[in-house]
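Protein sequence lines, in the order shown, are assigned to chains V and C. For the first sequence, counting from 1, position 239 maps to 363 in the working numbering; every step adds exactly one. For the second sequence, counting from 1, position 403 maps to 527 in the working numbering; every step adds exactly one. Think of the CB as a built atom: it goes at the ideal place given N, C-alpha and C, for glycine as much as any other residue.
2 protein chains.
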Amino acid sequence: MSLALGDGAEPGAIRDRDQNARTVPSDTVIGLIDVAIVGAGTAGLAALREVRKHTEDFLLVHDGPLGTTCARVGCMPSKALVAAANAFHTGGKLETFGIRGGDKLTADIPAVLRRVRALRDQFVAGVLEATQELGSRIAAGKARLNGQNRLIVGRQTIEARQIVLAPGSSPIVPEPLRALGDRILTSDTLFEQDDLPRRIGVIGLGAIGVEIAQALARIGVEVHAFDGAARIAGLSDEKVARKASGFLAREFAIQLGVEVELADTDGCIEIRSGDNRVRVDKVVAAMGRRPNIAGLGLETLGAPLDKRGMPEVDPQTMRIGDTAVLLAGDANGDRPLLHEASDEGHIAGLNATSSKPISLSRRTPLAVVFSDPEIAVVGRRLSELDLDQSLVGEADFASQGRARIMQENRGLLRIYAARRNGRLLGAEMAAPAAEHIAHLLALAIGQNLSVHELLRMPFYHPTLEEGLRRALRQIARDLPPCSISDLAGCGPLNIESLE
Amino acid sequence: MSLALGDGAEPGAIRDRDQNARTVPSDTVIGLIDVAIVGAGTAGLAALREVRKHTEDFLLVHDGPLGTTCARVGCMPSKALVAAANAFHTGGKLETFGIRGGDKLTADIPAVLRRVRALRDQFVAGVLEATQELGSRIAAGKARLNGQNRLIVGRQTIEARQIVLAPGSSPIVPEPLRALGDRILTSDTLFEQDDLPRRIGVIGLGAIGVEIAQALARIGVEVHAFDGAARIAGLSDEKVARKASGFLAREFAIQLGVEVELADTDGCIEIRSGDNRVRVDKVVAAMGRRPNIAGLGLETLGAPLDKRGMPEVDPQTMRIGDTAVLLAGDANGDRPLLHEASDEGHIAGLNATSSKPISLSRRTPLAVVFSDPEIAVVGRRLSELDLDQSLVGEADFASQGRARIMQENRGLLRIYAARRNGRLLGAEMAAPAAEHIAHLLALAIGQNLSVHELLRMPFYHPTLEEGLRRALRQIARDLPPCSISDLAGCGPLNIESLE
Numbered sequence: 125m126s127l128a129l130g131d132g133a134e135p136g137a138i139r140d141r142d143q144n145a146r147t148v149p150s151d152t153v154i155g156l157i158d159v160a161i162v163g164a165g166t167a168g169l170a171a172l173r174e175v176r177k178h179t180e181d182f183l184l185v186h187d188g189p190l191g192t193t194c195a196r197v198g199c200m201p202s203k204a205l206v207a208a209a210n211a212f213h214t215g216g217k218l219e220t221f222g223i224r225g226g227d228k229l230t231a232d233i234p235a236v237l238r239r240v241r242a243l244r245d246q247f248v249a250g251v252l253e254a255t256q257e258l259g260s261r262i263a264a265g266k267a268r269l270n271g272q273n274r275l276i277v278g279r280q281t282i283e284a285r286q287i288v289l290a291p292g293s294s295p296i297v298p299e300p301l302r303a304l305g306d307r308i309l310t311s312d313t314l315f316e317q318d319d320l321p322r323r324i325g326v327i328g329l330g331a332i333g334v335e336i337a338q339a340l341a342r343i344g345v346e347v348h349a350f351d352g353a354a355r356i357a358g359l360s361d362e363k364v365a366r367k368a369s370g371f372l373a374r375e376f377a378i379q380l381g382v383e384v385e386l387a388d389t390d391g392c393i394e395i396r397s398g399d400n401r402v403r404v405d406k407v408v409a410a411m412g413r414r415p416n417i418a419g420l421g422l423e424t425l426g427a428p429l430d431k432r433g434m435p436e437v438d439p440q441t442m443r444i445g446d447t448a449v450l451l452a453g454d455a456n457g458d459r460p461l462l463h464e465a466s467d468e469g470h471i472a473g474l475n476a477t478s479s480k481p482i483s484l485s486r487r488t489p490l491a492v493v494f495s496d497p498e499i500a501v502v503g504r505r506l507s508e509l510d511l512d513q514s515l516v517g518e519a520d521f522a523s524q525g526r527a528r529i530m531q532e533n534r535g536l537l538r539i540y541a542a543r544r545n546g547r548l549l550g551a552e553m554a555a556p557a558a559e560h561i562a563h564l565l566a567l568a569i570g571q572n573l574s575v576h577e578l579l580r581m582p583f584y585h586p587t588l589e590e591g592l593r594r595a596l597r598q599i600a601r602d603l604p605p606c607s608i609s610d611l612a613g614c615g616p617l618n619i620e621s622l623e
Numbered sequence: 125m126s127l128a129l130g131d132g133a134e135p136g137a138i139r140d141r142d143q144n145a146r147t148v149p150s151d152t153v154i155g156l157i158d159v160a161i162v163g164a165g166t167a168g169l170a171a172l173r174e175v176r177k178h179t180e181d182f183l184l185v186h187d188g189p190l191g192t193t194c195a196r197v198g199c200m201p202s203k204a205l206v207a208a209a210n211a212f213h214t215g216g217k218l219e220t221f222g223i224r225g226g227d228k229l230t231a232d233i234p235a236v237l238r239r240v241r242a243l244r245d246q247f248v249a250g251v252l253e254a255t256q257e258l259g260s261r262i263a264a265g266k267a268r269l270n271g272q273n274r275l276i277v278g279r280q281t282i283e284a285r286q287i288v289l290a291p292g293s294s295p296i297v298p299e300p301l302r303a304l305g306d307r308i309l310t311s312d313t314l315f316e317q318d319d320l321p322r323r324i325g326v327i328g329l330g331a332i333g334v335e336i337a338q339a340l341a342r343i344g345v346e347v348h349a350f351d352g353a354a355r356i357a358g359l360s361d362e363k364v365a366r367k368a369s370g371f372l373a374r375e376f377a378i379q380l381g382v383e384v385e386l387a388d389t390d391g392c393i394e395i396r397s398g399d400n401r402v403r404v405d406k407v408v409a410a411m412g413r414r415p416n417i418a419g420l421g422l423e424t425l426g427a428p429l430d431k432r433g434m435p436e437v438d439p440q441t442m443r444i445g446d447t448a449v450l451l452a453g454d455a456n457g458d459r460p461l462l463h464e465a466s467d468e469g470h471i472a473g474l475n476a477t478s479s480k481p482i483s484l485s486r487r488t489p490l491a492v493v494f495s496d497p498e499i500a501v502v503g504r505r506l507s508e509l510d511l512d513q514s515l516v517g518e519a520d521f522a523s524q525g526r527a528r529i530m531q532e533n534r535g536l537l538r539i540y541a542a543r544r545n546g547r548l549l550g551a552e553m554a555a556p557a558a559e560h561i562a563h564l565l566a567l568a569i570g571q572n573l574s575v576h577e578l579l580r581m582p583f584y585h586p587t588l589e590e591g592l593r594r595a596l597r598q599i600a601r602d603l604p605p606c607s608i609s610d611l612a613g614c615g616p617l618n619i620e621s622l623e
């Protein structure tokens with residue numbers, strides 16, 4: 125039986141054009157459809173797009189409000205908050221530029237948050253368009269597997285040839301923190317606040333924690349941030365990580381490598397780390413996100429699960445073992461980034477509608493933290509490299525010309541190349557325009573370019589990319605001479621490269 | 125005879141360690157040195173760096189104060205002014221972000237200009253380090269060729285095996301404008317002003333005129349800008365050019381495709397174009413730069429000169445015909461950009477010290493205008509393409525997610541690819557972060573990548589590079605299908621590409 129619109133089938137209770145479809149109320153069995161997709165986030169919608177190129181015989185099941193994590197609580201509202209915070213922070217540089225009155229600027233935090241939500245609503249509305257007109261082919265409710273071809277949603281059973289699971293992830297809030305009720309914020313609730321208290325603790329300094337902590341500090345909140353690790357924002361290069369946390373520590377209090385305990389004291393939250401005690405009004409838990417696999421019934425597939433209950437997923441097909449089930453997006457715990465979730469949905473959708481496995485290669489790793497300076501990791505991180513076989517080139521932005529002009533002259537870029545042939549391997553950085561430099565490096569790494577080949581491109585003056593060139597040249601000096609000049613390519617002349 | 129320091133030769137009057145060496149006063153003949161370099165700007169200094177890898181038997185002759193055009197009157201002070209102007213302009217966006225008080229900001233123009241000069245002085249000081257310790261091997265004075273192995277500087281004659289000419293360029297100020305005296309400004313004098321008048325005319329909207337006009341408007345000057353051409357900033361793509369001038373026209377008055385006349389009227393300057401009359405206090409002449417070849421004695425080389433007096437220069441060796449003379453940098457009238465001048469000096473220096481010609485390939489063309497939005501041209505411009513053989517992809521930034529978040533959502537990017545195989549050929553754009561997107565495209569074009577290959581790279585979310593992806597996808601749709609997915613590369617599957 126098909127649920128396709130207009131085919132005369134009785135769509136029953138799952139027909140609902142509202143944004144939040146009703147939970148399926150009856151004991152129906154719907155079978156056998158081509159593809160069921162669980163989750164209408166980025167991965168689920170990407171899977172849907174592929175599936176619809178091949179069949180209209182699908183069902184999309186979603187739990188909770190429509191709209192992706194990215195649009196609703198992730199990338200977009202956080203970047204909107206960061207943009208406002210950075211604009212206000214720039215006020216502190218105006219005097220040096222010769223602009224007067226920067227000291228009179230004030231952040232109207234309720235107004236800042238209203239704009240964040242207004243933009244968020246627009247981005248969510250954009251996402252909702254993807255699920256309009258689905259009619260009976262979209263259903264609300266929590267889905268649970270019952271074997272590899274069967275989903276249970278409420279009292280309804282759906283039989284499907286292939287099932288794409290893309291249920292997403294949720295912020296981790298350990299039990300002791302939950303006791304503090306609505307004084308514990310996460311990215312799910314922060315942007316919903318009408319106003320912010322004077323003091324906020326941020327627990328966790330991964331990408332999300334770093335962006336939120338700096339943005340809150342920049343709009344005037346007293347921020348105290350903590351992380352159990354010694355390095356922030358996913359950096360593995362000690363030198364870059366130290367620089368990055370040093371930059372942030374000029375703006376708010378940071379303690380790294382500490383365990384914290386929270387206590388409800390005198391109406392506020394006391395954060396204890398070793399002998400240190402600090403009181404805040406609210407705490408943002410930014411301790412990572414956990415795949416939404418609880419109650420998903422993965423154990424009914426017969427595929428082995430690890431101790432966290434996670435099955436093994438082929439990253440090139442998104443398939444769980446040799447089952448009819450694919451697991452894509454944040455929910456598989458691998459590469460929880462928007463563009464990767466989109467790819468994974470795409471791959472899962474292709475495989476769900478193909479009679480043969482389609483193994484696709486994945487993109488060059490790229491992760492960006494929208495702090496100031498921005499933090500980025502591209503290709504292989506330092507910790508993944510054999511240091512004996514690698515060369516490191518670095519550029520400090522403290523005296524970089526363009527960065528000085530813009531009062532953005534702080535940052536460190538470190539790039540890694542193979543000692544054997546100068547191929548670029550990866551980079552870590554906390555630097556101005558890191559998001560752009562990282563894209564350039566991602567292209568170069570994906571194309572297997574060498575340092576010499578990259579030095580053949582034009583570097584306009586004055587740009588921040590000239591900082592990248594400095595790091596490339598440092599590596600080039602340590603490589604066997606390749607030609608008389610960058611402009612000659614790597615020919616037979618064997619004279620040192622352009623300096 | 126060598127002028128190398130410490131070789132016991134009598135250096136005579138040209139020994140001078142001061143920043144501005146004295147003009148050579150005697151009737152000395154110095155000969156025969158290995159290389160004479162005329163001009164201590166970017167090209168001259170790049171040539172010097174190469175020459176010194178092979179010989180210390182050189183003489184560097186410079187006319188006027190040391191310090192490059194870029195550092196003294198070009199890239200650096202203009203970017204410093206632009207940075208201040210943009211910071212002030214951003215004040216107008218603060219209210220929307222939820223930041224109060226932006227309407228109280230004021231530009232202290234004398235302070236803005238003081239910072240410009242202070243930065244300029246630092247950048248010039250950096251350049252001066254390159255010519256310290258040259259002792260008798262640097263001389264001040266205007267050099268004139270007398271045949272291909274002889275230079276006359278004042279009353280001194282220098283014989284040299286090879287001569288690198290890099291005398292630079294100067295702003296064009298037509299004779300009628302000169303009559304207006306110091307009310308006509310150029311990039312040579314603008315940054316020297318203690319203050320600026322209320323109204324300024326800008327004649328010429330190439331890269332320099334656009335940057336200056338917008339920056340002046342943004343710090344509160346009433347700007348009236350004019351250009352004889354219909355398209356600004358070196359753009360050839362009508363659609364991009366129209367957008368770009370449209371953005372600028374919201375900030376200051378622009379008239380394109382007009383001839384202007386200036387008249388000294390009632391103590392101010394009246395600019396007349398057709399029936400239009402507008403009065404300003406000063407005028408910035410931004411009508412281009414002219415190679416400093418007058419009096420250089422190029423006619424003594426025996427090589428053919430065109431009607432402007434310019435010889436033909438091989439862009440891969442910088443040599444004039446088969447003479448012993450090389451012409452590098454702005455002075456040869458080709459690619460008057462810092463990074464190209466640096467390359468040309470490098471190429472000239474290599475060839476001046478090599479027994480055989482060294483022909484070097486040039487970089488992918490790249491030009492950036494630091495307006496807001498930035499304007500960039502990379503690779504081949506639209507006017508250089510066979511439209512029948514090309515595909516165009518475009519992205520408008522009006523509704524681009526990241527651009528909206530940052531209130532930078534205006535811009536147009538157009539990229540060009542070969543219809544036959546999807547190879548990227550070039551791009552023109554007026555878009556946020558154009559300087560970065562243009563570097564990415566320059567790498568891709570230089571590496572002969574196709575649209576499909578570029579679509580294989582990661583595009584992080586939310587970034588402005590996603591705008592580029594949109595333009596790439598538009599071209600991909602018009603190309604023969606290449607594979608099942610971006611992630612598969614261009615294989616044999618022959619199904620449509622990832623959307």
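As a quick exercise: from the options, pick the residue whose alpha carbon is nearest that of residue i.
i	options	result
C:K406	C:G426, C:I444, C:L474 and C:P321	C:P321
C:I529	V:D232, V:V206 and V:I561	V:V206
V:D467	V:Q513, V:M442, V:V197 and V:L573	V:M442
V:A167	V:D158, V:A195, V:L156 and V:I499	V:A195
V:T447	V:G271, V:G198, V:F182 and V:V153	V:G271
C:E299	C:R601, C:E385, C:D496 and C:A242	C:E385
V:V159	V:S478, V:P605, V:E559 and V:E219	V:S478
Would you please state the rounded distance, in angstroms, between the beta carbons of residue i and residue j? I believe it to be under 8 Å.
i	j	result
V:Q317	V:L237	6 Å
C:I276	C:R268	5 Å
V:G165	V:A290	6 Å
V:G445	V:A427	4 Å
V:R487	C:P586	That belief does not hold up - the Cβ atoms of V:R487 and C:P586 are roughly 17 Å apart, past 8 Å.
With 8 Å as the threshold, decide whether the Cβ of residue i is near any Cβ in chain C.
i	result
V:K228	yes
V:M200	yes
V:K480	no
V:C194	yes
V:L603	no
V:A145	Low local confidence applies: a pLDDT of 43 at V:A145 is under 50, so the model's placement there is unreliable, and no value is given.
V:S574	no
V:A235	yes
V:M434	no
V:I529	yes
Measure from the C-beta of residue i to each C-beta in chain V and report whether the shortest distance is under 8 Å.
i	result
C:Y584	yes
C:T220	yes
C:R486	yes
C:F212	yes
Beta strand (DSSP E) runs contained entirely in the segment 243 to 290 of chain C, provided each spans 3 or more residues | Qualifying beta strand (DSSP E) stretches, in chain order: 262 to 264, 267 to 269, 274 to 277 and 280 to 289.
At 4 residues or longer, and completely inside the segment 542 to 613 of chain C: list those alpha helix (DSSP H) runs for me, N to C.
-> Taken in chain order, the complete alpha helix (DSSP H) segments of 4 residues or longer contained in the segment 542 to 613 of chain C are 558 to 570, 575 to 579 and 589 to 602.
message: List, from N- to C-terminal side, the beta strand (DSSP E) runs of 3 residues or more that fit wholly inside the segment 438 to 480 of chain V.
response: DSSP runs (the beta strand (DSSP E)) wholly in the segment 438 to 480 of chain V: 449 to 451.
Check: Taking the runs of the beta strand (DSSP E) that are 3 residues or longer, which of them lie wholly in the segment 360 to 426 of chain V?
Finding: Segments of the beta strand (DSSP E) lying fully in the segment 360 to 426 of chain V: 377 to 380, 385 to 389, 392 to 397, 400 to 404, 406 to 409 and 413 to 415.
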